[in-house]
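Structure, as structure tokens:
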Amino acid sequence: MTTVIASLLIMSILPVVCAWIGGYYRQKQFGKVDNKEPRIQSQQLTGPGARAVGAQANTWEALGVFSAAILAVYIAGVDLDSITTQVMIFVALRIAYIPAYIGNKDMPRSLIFIVGYGICLYLFYLALSAG
Numbered sequence: 001m002t003t004v005i006a007s008l009l010i011m012s013i014l015p016v017v018c019a020w021i022g023g024y025y026r027q028k029q030f031g032k033v034d035n036k037e038p039r040i041q042s043q044q045l046t047g048p049g050a051r052a053v054g055a056q057a058n059t060w061e062a063l064g065v066f067s068a069a070i071l072a073v074y075i076a077g078v079d080l081d082s083i084t085t086q087v088m089i090f091v092a093l094r095i096a097y098i099p100a101y102i103g104n105k106d107m108p109r110s111l112i113f114i115v116g117y118g119i120c121l122y123l124f125y126l127a128l129s130a131g
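Counted the way our numbering counts, the sequence shown spans residues 1 to 131.
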């Protein structure tokens, strides 16, 4: 259970890491970070900065699906220790996703997304099978 909770914590931190990376690129591209209109400034980013913003949005989305899958497994009474491997793989994939996205590595990024999403679908399958 500790691994599952730790994975949720890590997944909750990753979007913030992407935001910091985006802030670095905002500073680099515009000479300053506009905290009064950060979303407008972020929308004006190009290249890796724009991809950091995209990675942040996708990481928030992945957190929602992953959290729902974990909740489903928990509610269904599946032993959380039995999903430790899948959870650790998912988190590792999501960590790898960020540099793949920012680095414009579209094929690895897509593969990482598909495998990670597949893990979430598998967790939902386990929850449905237990119920």
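Note that CB positions come from ideal geometry on N, CA and C, so glycine has one too.
The structure displayed is predicted, hence computed values, not measured ones.
{"Asked": "6 Å Cβ shell around Q86 - same chain, five flanking residues per side excluded", "Found": "I119"}
{"Asked": "Reduced DSSP secondary structure (H/G/I, E/B, other) of L80", "Found": "helix"}
{"Asked": "Span of the alpha helix (DSSP H) around E61", "Found": "48–75"}
{"Asked": "At least three beta-carbon pairs within less than 8 Å, the stretch 72–92 to the stretch 34–52", "Found": "no"}
{"Asked": "Extent of the continuous alpha helix (DSSP H) run through G118", "Found": "106–130"}
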